[in-house]
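Below is one structure, written out as structure tokens, with a few remarks after it.
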Amino acid sequence: MSGFPKILESTQDLSKGQISTLISMAKSLKEGQNTPFFFDQDKRPFLATLFLENSTRTKTSFAIAAQKLGAHYIDFDVSTSSLKKGESLEETLLTLKYQGVNACVIRTPNSGELAQFKKDPPLCIINGGDGTNQHPTQALLDLFTLYELGLDPQGKTFAIIGDIAHSRVASSLVDLLTRFGGKIVFCGPKECLPKSVSGPVMLTESLDEALELCDVIYTLRIQKERHTGPTPYYDSYHKLYGLNLQKMQGLKKAPVILHPGPVNIGVELSKDLVRSPFYKGYEQVINSIYMRMAIISATLGN
Amino acid sequence: MSGFPKILESTQDLSKGQISTLISMAKSLKEGQNTPFFFDQDKRPFLATLFLENSTRTKTSFAIAAQKLGAHYIDFDVSTSSLKKGESLEETLLTLKYQGVNACVIRTPNSGELAQFKKDPPLCIINGGDGTNQHPTQALLDLFTLYELGLDPQGKTFAIIGDIAHSRVASSLVDLLTRFGGKIVFCGPKECLPKSVSGPVMLTESLDEALELCDVIYTLRIQKERHTGPTPYYDSYHKLYGLNLQKMQGLKKAPVILHPGPVNIGVELSKDLVRSPFYKGYEQVINSIYMRMAIISATLGN
Amino acid sequence: MSGFPKILESTQDLSKGQISTLISMAKSLKEGQNTPFFFDQDKRPFLATLFLENSTRTKTSFAIAAQKLGAHYIDFDVSTSSLKKGESLEETLLTLKYQGVNACVIRTPNSGELAQFKKDPPLCIINGGDGTNQHPTQALLDLFTLYELGLDPQGKTFAIIGDIAHSRVASSLVDLLTRFGGKIVFCGPKECLPKSVSGPVMLTESLDEALELCDVIYTLRIQKERHTGPTPYYDSYHKLYGLNLQKMQGLKKAPVILHPGPVNIGVELSKDLVRSPFYKGYEQVINSIYMRMAIISATLGN
Numbered sequence: 025m026s027g028f029p030k031i032l033e034s035t036q037d038l039s040k041g042q043i044s045t046l047i048s049m050a051k052s053l054k055e056g057q058n059t060p061f062f063f064d065q066d067k068r069p070f071l072a073t074l075f076l077e078n079s080t081r082t083k084t085s086f087a088i089a090a091q092k093l094g095a096h097y098i099d100f101d102v103s104t105s106s107l108k109k110g111e112s113l114e115e116t117l118l119t120l121k122y123q124g125v126n127a128c129v130i131r132t133p134n135s136g137e138l139a140q141f142k143k144d145p146p147l148c149i150i151n152g153g154d155g156t157n158q159h160p161t162q163a164l165l166d167l168f169t170l171y172e173l174g175l176d177p178q179g180k181t182f183a184i185i186g187d188i189a190h191s192r193v194a195s196s197l198v199d200l201l202t203r204f205g206g207k208i209v210f211c212g213p214k215e216c217l218p219k220s221v222s223g224p225v226m227l228t229e230s231l232d233e234a235l236e237l238c239d240v241i242y243t244l245r246i247q248k249e250r251h252t253g254p255t256p257y258y259d260s261y262h263k264l265y266g267l268n269l270q271k272m273q274g275l276k277k278a279p280v281i282l283h284p285g286p287v288n289i290g291v292e293l294s295k296d297l298v299r300s301p302f303y304k305g306y307e308q309v310i311n312s313i314y315m316r317m318a319i320i321s322a323t324l325g326n
Numbered sequence: 025m026s027g028f029p030k031i032l033e034s035t036q037d038l039s040k041g042q043i044s045t046l047i048s049m050a051k052s053l054k055e056g057q058n059t060p061f062f063f064d065q066d067k068r069p070f071l072a073t074l075f076l077e078n079s080t081r082t083k084t085s086f087a088i089a090a091q092k093l094g095a096h097y098i099d100f101d102v103s104t105s106s107l108k109k110g111e112s113l114e115e116t117l118l119t120l121k122y123q124g125v126n127a128c129v130i131r132t133p134n135s136g137e138l139a140q141f142k143k144d145p146p147l148c149i150i151n152g153g154d155g156t157n158q159h160p161t162q163a164l165l166d167l168f169t170l171y172e173l174g175l176d177p178q179g180k181t182f183a184i185i186g187d188i189a190h191s192r193v194a195s196s197l198v199d200l201l202t203r204f205g206g207k208i209v210f211c212g213p214k215e216c217l218p219k220s221v222s223g224p225v226m227l228t229e230s231l232d233e234a235l236e237l238c239d240v241i242y243t244l245r246i247q248k249e250r251h252t253g254p255t256p257y258y259d260s261y262h263k264l265y266g267l268n269l270q271k272m273q274g275l276k277k278a279p280v281i282l283h284p285g286p287v288n289i290g291v292e293l294s295k296d297l298v299r300s301p302f303y304k305g306y307e308q309v310i311n312s313i314y315m316r317m318a319i320i321s322a323t324l325g326n
Numbered sequence: 025m026s027g028f029p030k031i032l033e034s035t036q037d038l039s040k041g042q043i044s045t046l047i048s049m050a051k052s053l054k055e056g057q058n059t060p061f062f063f064d065q066d067k068r069p070f071l072a073t074l075f076l077e078n079s080t081r082t083k084t085s086f087a088i089a090a091q092k093l094g095a096h097y098i099d100f101d102v103s104t105s106s107l108k109k110g111e112s113l114e115e116t117l118l119t120l121k122y123q124g125v126n127a128c129v130i131r132t133p134n135s136g137e138l139a140q141f142k143k144d145p146p147l148c149i150i151n152g153g154d155g156t157n158q159h160p161t162q163a164l165l166d167l168f169t170l171y172e173l174g175l176d177p178q179g180k181t182f183a184i185i186g187d188i189a190h191s192r193v194a195s196s197l198v199d200l201l202t203r204f205g206g207k208i209v210f211c212g213p214k215e216c217l218p219k220s221v222s223g224p225v226m227l228t229e230s231l232d233e234a235l236e237l238c239d240v241i242y243t244l245r246i247q248k249e250r251h252t253g254p255t256p257y258y259d260s261y262h263k264l265y266g267l268n269l270q271k272m273q274g275l276k277k278a279p280v281i282l283h284p285g286p287v288n289i290g291v292e293l294s295k296d297l298v299r300s301p302f303y304k305g306y307e308q309v310i311n312s313i314y315m316r317m318a319i320i321s322a323t324l325g326n
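Residue numbers (the numbering used here), protein chains in the order written: chain A, 25 to 326; chain B, 25 to 326; chain C, 25 to 326.
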């Protein structure tokens, strides 16, 4: 795609036109229309993943997407690398570049760490999640999923439920949804909500209020493995903010439920709900491959 | 192969006809006759390995088999995955399925863990060893090796020597050998023998008796790395149940020796024996690739 | 290449003619002239890496080189393998051989460990660095880089600066450079210099003397992560032996600087120097791929 950024750090790096083109590309790829996104056998590019935080799910998704496009895939194993001996991320990326890697998906625990490469990226970079800042490929696949489900964000209300204040997914998603005409209701316990909001976004601690207002529910993963001390809100989370099939069947509307995965079954969502037609999380997983194929193709084709 | 099970949990999932077909397929693949088991370049399936117990040897064998067939290969790295954060195996397999993985080889320390998927497997599953229960691909490659060596099990006696009570290889192997007409002698120290046996199987603590009766010797790996406390039988194992070249040359018959590997050289078998024509363990390694190619091809072609 | 050794343990395993042929092959590969080094799609060999010491950089370089040639690539994960349970390296290599692996790149902390395979290698072996002994592929790519820079070693003087006494890179490099007519100046603190030298090699503790004499500077990595006790020479290293842009600009000649990487920026070399035209380390990284492609091709084509 002409003009596609060499580094995709944030959803804000993309114009609405570019986002719509990515969605069209992902749709074509899902429908099996290959041309012209695929790489020739004799010009196969190399895509690398460099994950400074664990995530087998996202890494596997990029690995499959790259290989389906005909690219070579390399996982740069951080645990055995010079990064562990103090080499800077910049030097590591320069090495990958000169070794012939064309694009690198980076996940890092440090919010904003990729901003240093915006001016002059050593190679194509795709942000695979940076701290609590941004997770643009997740939000793009979520938006693609909404269109696939016939849910154009224009004029619709999205309840985002959970630890919003610390969620990079929420940051990227809210940017996309509001730019495409959606309204947002953030819902969760007080310590999980941002202090202030702007634009078409409201806050509520009441799950019932959020459910009444929304057309679509987006639940966030409660990161229980990060809780070490007392967890006042976690222990009561399912009771206060968790959803189950009975609760959903009692609503006047029948909003679909998205979740970036992996779900803590029995915390954010009950097992019967995950197995019901309300839950569209598996559609997100399917679409993750096609949206990431589109992003890789656009990044490498620029 | 029409009717091939979507999940291969146990050798008992296969009919004798299906087993014979697998052996024919493996033989054709070994002889370089490709058609029609290979995957087209534009329809390359994805095979994943998901190993909850370490085994580089078996994992590498499946990786090579998959790639020789033209499939994409993905190792799902359990150590960095959501499984470590409490996600269920079922949810992980659903994610792999919806990401586009067609078949998954699973190794697990939990005997019978894969039985939960028999009714409605989320994707094709191949048991790569589950606890002390089953290791069907090992037994199938062993049976293939026997036929390659001209040793039809019908009417032959197989001495299985070592820690039989805890061996998943022995479970799978005895099922195959007895269904194809073989007789079994289990041999080892008392604590390594099953309490009772049925069918054409006998027990002995005498190595000399086992050697006298058998046409083929199958030695099992003593898992010395699992011994933490006192190991009364391990310390004397080589003296009482280990084999060396001199002992073999003293026998009236010249039975071949199989071993699923890796051998503890100097424990089950001496180094001179492993380097002698009695030892057919390297034939098993060669055949592991072709049998696993056959199994992958049959699983994905069903 | 006819007569190319099945095991490349040391630069001494290669004749000058073979080295020159490798350089020609690497040059052709870099210029995009494919024939006849590449592997047919239906006869793709398997290259494995088996690294008993960590090095993501070198491993990735071999992985990319193998895949650019059309070979399959397998990383044999030592940490989960039977090697950890006491299996010998020989048995592991025999398993890889019989599984169908054609060549294995081995890195080991044990100097000379690969010598045991010289008489009858179980499969093709490429030394990826063994203890303080040899690192032949690094030295070959360095020599290739010199020719690419128009720096035929004949009659030139090379200052090798750093911990020479413990450097496998230095051992391999000095062999190549002196055989191709170069002269060597070893420079570093006393504890880093060899006790004695022979041939066209001299020793000095004076950086200024080394810089005055040399046409090319080759800096070695100070392995700070290996220092646990007091490090008298490390703490003052940058002051006494480190190079920066100002120092280089003050020299009468303008020698290029090579480094096998990763550089400790601020120790061996300053950041401004690494970003200046003096530094040719990124050329080495580029050339690493083409030289390793040439080595793999020659090894597998013998």
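For every residue, glycine included, the Cβ atom is placed at its ideal position computed from N, Cα and C.
Residue span of the beta strand (DSSP E) that contains residue i, given as start and end
i	result
D296/A	Per DSSP, D296/A belongs to no beta strand (DSSP E); it is in the alpha helix (DSSP H), K295 to V298.
K207/A	K207 to C211
D99/A	H96 to F100
I289/A	Looking at the DSSP string, I289/A is not in any beta strand (DSSP E), and its letter there is neither H nor E.
Residue-level contact to chain C via CB, residue i, 8 Å cutoff
i	result
S312/B	yes
I98/A	yes
S196/A	no
Q91/B	yes
V18/B	An answer regarding residue 18/B cannot be provided, because it is not within the stretch 25 to 326 covered by chain B.
Neighbour list for residue i in chain B, Cβ cutoff strictly below 9 Å
i	result
D154/C	Residues of chain B passing the Cβ test: none, with the nearest at roughly 21 Å.
G94/C	What G94/C touches in chain B: nothing, since even the nearest Cβ is about 12 Å away.
Alpha helix (DSSP H) segment containing residue i, residue limits
i	result
R316/B	G305 to L324
L175/C	L175/C -> no alpha helix (DSSP H), and no H or E assigned at all.
R81/A	T80 to K92
D199/C	R192 to R203
Where residue i meets chain C, residues with beta-carbon distance less than 9 Å
i	result
E115/A	G285, P286, V287, I289 and V298
Y306/B	L118, T119, K121 and Y122
Residue i at chain A interface by Cβ criterion, 8 Å
i	result
T132/B	no
R81/C	yes
L118/B	yes
Residue of the options minimising C-alpha distance to residue i
i	options	result
P286/C	R316/C, Q247/C, G174/C and G205/C	Q247/C
V225/C	K108/C, L269/C, K180/C and Y257/C	K180/C
N78/B	K40/B, P133/B, I98/B and Q42/B	P133/B
V209/A	V221/A, K295/A and H283/A	V221/A
I310/A	R131/A, Q140/A, D166/A and R68/A	D166/A
T84/B	G152/B, K295/B and H159/B	G152/B
V280/A	L264/A, T169/A and L227/A	T169/A
Y171/B	G325/B, S39/B and T45/B	T45/B
S105/C	E115/C, H96/C and Y97/C	E115/C
I241/B	K219/B, A278/B, Q270/B and P213/B	A278/B
Short CB-CB distance (under 8 Å) between residue i and chain B
i	result
S85/A	yes
D144/C	no
R203/A	no
Listed by chain order, chain C residues near residue i by CB distance under 7 Å
i	result
N78/B	T104
E111/A	P286
Neighbouring residues, chain A, relative to residue i (Cβ below 9 Å)
i	result
I88/C	F70, H96, I98, Q123, G124 and V125
Chain A residues whose Cβ lies nearer than 7 Å to that of residue i
i	result
D101/B	T80
Cβ contact check for the region 234 to 244 of chain A and the region 165 to 184 of chain A: 3 or more pairs under 8 Å: Counting C-beta pairs with one atom in each stretch, the region 234 to 244 of chain A and the region 165 to 184 of chain A have three or more that are closer than 8 Å, which means they touch.
Whether or not the region 109 to 128 of chain A and the region 137 to 151 of chain A are in contact is what I'm after, with contact meaning three or more pairs of Cβ atoms, one per stretch, closer than 8 Å; do they touch? yes
How do the region 304 to 324 of chain A and the region 197 to 217 of chain A stand: do at least 3 beta-carbon pairs fall below 8 Å, yes or no? no
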